[in-house]
Amino acid sequence: MNLPMVQRILGLMLIMFSLTMLPPIGVALAYGDGHWHPFLTAFLIIAAIGLALWLPVRNVRRDLRLRDGFLVVAVFWFFLGVAGATPLLISDIPVLSFTDAVFEAVSGFTTTGATVIVGIDELPKSILYYRQQIQWLGGMGIIVLAVALLPVLGIGGMSLYKAETPGPFKDQKLTPRIKETAKALWKTYAGLTLLCTLGFLLAGMDAFDAIGHAFSTLSTGGFSTHDASFAYFDSATIDAIATFFMFLGGANFALHFLAIRGHNPRLYWRDTEFQAYFWLVVAVIAGATIYLWFMNEFDTLGASLRHASFQIVSIQTSTGFLTTGFAHWPGALPALMILLTLVCGCAGSTTGGMKVIRWLIVLRQGVAELKQLVHPSAEIPVKLAGRPVPQRIISGVAGFFAIYFVVFAILMFLLMMIGLDQVTAWSAVAACINNVGPGLGDVAVTFKDVPDAAKWVCAVAMLVGRVEIFTFVLLLTPDFWKK
Amino acid sequence: MKIIILGAGQVGTTAAQQLAREQANDVTVVDTRDDVLRDLQDRLDIRTVSGNAAHPAVLEAAGGSSADLVIALTNSDEVNMIACQIAWTLFRTPTKIARIRSGDYHRRAELFGDNAIPVDLAISPEQLVTDYVERLIRYPGALQVLNFADGRVRLVGMRAVKGGKLVGHQLRELNAHIPNREVRVAAIYRGGRSVKPEGNTTIEEHDEVFFVAARDDMRPMMKELSTEEATARRVVIAGAGNIGFRLARALEERVQVKLIERNVDRARRAAETLRNTLVLTGDAADEELLLEENIDDADVFIAVTNAEEANILSAMLAKKLGARRVMALINKPSYSELMEGGKIDIAISPQTITIGALLEHVRRGDVVRVHSLRRGAAEAMEAIVHADTRDSTIAGRRIEEIDLPEGTTIGAIVRGDRVLMAHHDTVIEAEDHVILFLTDRRHVEEVGRLFQAGTRA
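Note that the protein sequences, when read in sequence, are chains A and B. Start counting the first sequence at 9; every next residue gets the next number (this note's numbering). Start counting the second sequence at 15; every next residue gets the next number (this note's numbering).
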């Protein structure tokens with residue numbers, strides 16, 4: 009354990025993070041909403057804490073090891089929750105308790121998008137913008153951004169990157185230098201966000217809403233600047249654009265980068281995970297459209313398709329935008345959609361959940377086991393895109409599933425003990441650990457009415473889910489702390 | 015620079031490590047062993063690609079189309095050559111370096127070239143190691159002897175021994191001991207730490223002293239630091255592999271050589287080819303054999319078999335039985351660190367030597383020679399000063415005016431045919447070859463920039 013170095017990097021990242029308080033000040037001044045002071049105060053406080061951490065150890069130069077990387081990432085995400093809550097707490101609109109402010113900030117950064125605020129439309133522009141901005145920063149990850157921007161990280165960057173990026177193949181780099189890889193990912197992310205903004209503008213949103221919603225669309229976050237979420241716009245075009253970009257946000261950004269750089273859209277079709285993700289979404293949408301129409305939930309097949317595709321992509325990619333909502337949909341659909349959040353999007357995307365690739369590997373391993381029973385002496389490797397998956401990855405995925413479900417169960421029992429009913433409890437945990445946002449029952453729209461204790465449990469679920477469980481659970485193991 | 019390293023063996027790994035440390039380099043390493051690559055990527059900021067280094071698809075995945083340099087270091091000569099061929103044919107990679115072990119290929123220089131096998135530099139580690147050891151034997155007492163400016167200037171590393179005339183004295187007395195000699199002490203290491211060599215620095219026993227000297231002034235200086243005088247006369251070599259055999263052939267005309275080899279066939283083949291060498295079949299760690307062959311009379315014992323542990327043990331045994339100086343070929347840097355200066359006088363590290371040769375070609379054109387010292391911690395380099403109209407940081411300045419990074423000293427200057435020892439008031443001119451010593455190799459980039467043509471540092 010290399011604590012001075014960990015402290016130095018945490019300090020640096022906090023200083024960097026404090027700068028993100030500046031754009032909301034600009035928004036406050038531009039719109040004259042008078043709410044620049046919470047952000048200025050927060051900027052000063054966070055920058056001061058960052059400096060206080062960094063100054064005593066600024067000359068420490070040592071390599072960050074993998075283990076230190078996990079510690080930095082875990083601790084920094086906790087910091088983010090509290091530091092990000094600061095302006096919300098200081099501001100007099102909305103009036104939020106400490107619990108609510110932290111919940112809102114964590115929900116923002118982890119791109120969950122669950123909110124405790126009702127009356128969003130009345131909030132000052134700066135606060136609204138700030139909520140959207142934290143989603144965007146959290147989507148690709150502030151730590152990945154730090155790796156791209158902070159020159160000091162060097163080799164340590166790799167261990168941070170590994171601890172934050174989702175998916176089982178963490179060793180793949182787009183470029184030899186991790187810094188360049190992080191830059192490439194952020195550029196791709198920012199570029200797609202820009203395209204989405206333009207789309208929203210053309211479809212008739214005003215500039216503020218277009219930017220804000222593009223932020224929470226590509227990050228698959230789900231915060232909106234309106235209580236009614238996307239139902240506020242009530243436009244099939246806007247729904248379609250949002251659906252398209254949410255879908256892109258659920259794909260691997262490394263794949264986006266390669267396809268864009270190589271001007272080769274066929275790369276998408278060569279990617280096994282993307283194919284599976286695509287067909288899964290298409291199949292569920294098709295089934296749900298017909299079923300909803302059949303059950304007379306919507307009058308026309310067109311309306312059924314529009315709402316089914318928007319809601320399903322929104323939930324499957326862990327975004328959580330709502331038009332009609334889905335909690336009241338007939339039959340197994342609500343439960344099915346919550347279960348879909350266990351899958352979510354691809355590795356290296358901005359979605360939560362366990363990722364398509366892990367399910368593919370586990371399912372193929374399952375099929376291989378079945379075959380093995382029939383042919384006991386057969387060699388049956390698990391393959392992806394025609395190439396065998398290394399055994400180490402397979403067992404890593406199996407371990408991930410085990411830990412994931414154990415953590416899921418513990419959190420769910422905690423919520424039930426606090427007093428939530430079963431449906432609310434399990435859907436809340438799924439919605440939080442998979443960074444989706446809306447659940448079923450009492451949390452179908454907001455988390456305003458759950459007890460404070462339950463909000464803390466949910467905040468932990470969001471953090472644990474965002475860094476894919478291992479990073480946090482690792483810190484609880486005695487092995488991690490052994491010298 | 016975008017660099018692809020093929021093969022993650024000892025040399026490949028060390029090369030990747032040293033090159034990736036310089037921010038300007040983007041390094042990709044290719045190997046067939048996934049686990050080795052994974053470890054490597056955990057430690058270094060590089061990309062790794064798994065696959066056969068000579069396959070076009072693998073080279074492409076490693077970024078072949080934009081690479082500036084391919085270094086082929088797999089353990090197969092043929093794979094290395096084909097990889098260079100493919101990089102050239104498909105991607106027109108400007109510089110291709112390959113490790114080629116087999117002497118057969120080296121004997122035919124016409125094999126390499128753009129119209130034949132496109133290898134710009136064929137490195138033969140065995141030959142490099144042989145040359146290196148040969149220099150060490152010629153200068154007893156030296157730990158390292160490195161050539162600069164075509165051998166006119168040499169950098170020598172030695173351990174100060176009790177009885178040396180300068181040992182226990184201050185450096186300023188050196189001039190009185192050996193007047194009119196062009197010698198300058200570049201660095202002193204005491205107990206693993208670097209001590210700044212100044213006039214009032216006292217040389218202590220066991221210090222590791224690096225000095226720069228004109229070729230003819232080496233020997234008097236060496237006597238100042240140790241008591242050994244005569245060149246080695248009796249050399250015992252353990253292991254008749256590539257290195258042992260070449261070494262015997264290089265030395266046998268001048269000194270008495272005994273070559274010990276365990277494998278009967280190999281021993282016989284060596285005996286058939288060598289002229290003045292006594293080839294013995296047996297185990298170099300066999301006390302009886304060593305005593306029989308008068309090991310206590312040997313000036314130098316060198317263990318260069320393939321097994322480094324065996325090298326260490328047989329060298330220790332030879333030392334105990336009375337050999338004056340013992341050397342062992344040791345690959346693992348940690349072993350070298352452990353053994354050198356203790357029971358073994360010199361640990362010969364093939365990868366450090368090979369890397370020195372490699373780095374020369376990788377560094378910018380203004381740096382013409384680079385030697386890795388102290389297992390890569392320090393570095394000595396030779397750089398050319400360019401005339402620069404836009405106020406150069408170097409040309410036309412006195413040495414004391416140059417803003418060198420910490421731990422960096424200018425040892426000597428080669429101007430045309432003359433060798434000048436650096437003094438604080440020496441003025442550096444354009445086209446001078448400057449020989450620098452860096453106690454901390456992290457400053458390599460900074461020093462390189464100082465010498466880069468046309469730019470201000």
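Built from N, CA and C at the ideal position, the CB exists for glycine as well.
V159(B) is outside the set of residues whose beta carbon lies under 8 Å from a beta carbon in chain A. Proximity of G165(A) to chain B, defined by a Cβ-Cβ separation below 8 Å, is satisfied.
The beta carbon of Q141(A) lies closer than 8 Å to those of T28, P31, P32 and F223 in the same chain, with the five residues before and after it left out. With three or more CB-CB distances shorter than 8 Å, the stretch 466-475 of chain A counts as touching the stretch 438-446 of chain A.
The stretch 385-404 of chain A makes no contact with the stretch 290-307 of chain A: fewer than 3 CB pairs, one atom from each, lie closer than 8 Å.
When DSSP states are grouped into helix, strand and coil, E374(B) belongs to the helix group.
Counting only Cβ-Cβ distances below 7 Å, R61(B) has contacts in chain A at K181, T183 and P184, in chain order.
Among the residues facing chain B, P398(A) is included, as its CB has a counterpart in that chain under 8 Å away. With fewer than 16 neighbouring CB atoms inside 10 Å of its own CB, P193(B) falls in the exposed class. With its beta carbon at least 8 Å from every one in chain B, L202(A) lies outside the interface.
By the C-beta density criterion, M303(A) is exposed, having fewer than 16 other C-beta atoms within 10 angstroms. Taking a 10 Å sphere around the C-beta of F413(A), we find fewer than 16 other C-beta atoms and assign the residue as exposed. Secondary structure of D59(B) (DSSP, three-state): coil. Positions of the beta strand (DSSP E) runs, each at least 3 residues long and wholly inside the stretch 436-461 of chain A, cannot be given because no such run exists. Secondary structure in the stretch 190-255 of chain B: the beta strand (DSSP E) runs of 3 residues or longer, each lying completely within the stretch, are 197-204, 207-209, 222-228 and 248-252 in chain order. Only those residues of the stretch 69-89 of chain A whose C-beta falls short of 9 Å from the nearest C-beta of chain B are listed: D71, R73 and L74. Secondary structure of M213(A) (DSSP, three-state): coil.
Identification of chain A residues near D40(B) by a Cβ-Cβ cut-off of 8 Å yields T183, P184, R185 and E188, ordered along the chain. A straight line joining the alpha-carbon of G42(A) with that of A36(A) spans about 6 Å. A distance below 8 Å separates the beta carbons of L58(B) and A34(B).
Within chain A, P398 have C-beta atoms less than 8 Å from the C-beta of D48(B), given in sequence order. Contact annotation for D56(B) against chain A: L74, M166 and S167 [CB-CB distance below 8 Å, chain order]. Rounded to whole angstroms, H220(B) and G155(B) show a C-alpha spacing of 12 Å.
If you ignore the 5 residues before and after L97(A), its C-beta comes within less than 7 Å of the C-beta of L104, F106 and A109, all in its own chain and listed in chain order.
R283(B) and A246(B) have their C-alpha atoms spaced approximately 26 Å apart. W287(A) sits exposed, since fewer than 16 C-beta atoms from the chains shown fall within 10 Å of its C-beta. Cα atoms of L348(A) and T201(A): separation of roughly 25 Å, rounded to the nearest angstrom. In this structure, the straight-line span from the alpha carbon of P211(B) to that of V271(B) is close to 38 Å. In the displayed model, F306(A) falls within coil according to three-state DSSP, outside both helix and strand. Per DSSP, D313(B) is not a residue of any beta strand (DSSP E), being assigned neither H nor E. Per the DSSP secondary-structure output, G171(B) pairs in a beta bridge with Q158(B) and F224(B).
Each residue's CA atom was taken as its position, placing Y203(B) and V209(B) some 6 Å apart.
Taking the CA atoms as reference points, P459(A) sits about 26 Å from T331(A). In the structure shown, the three-state DSSP call for D40(B) is strand. Per DSSP, H447(B) is one residue of the beta strand (DSSP E) stretching across H447 to L452. Taking a contact to require three or more Cβ pairs closer than 8 Å, the stretch 396-412 of chain A and the stretch 309-325 of chain A do not qualify as touching.
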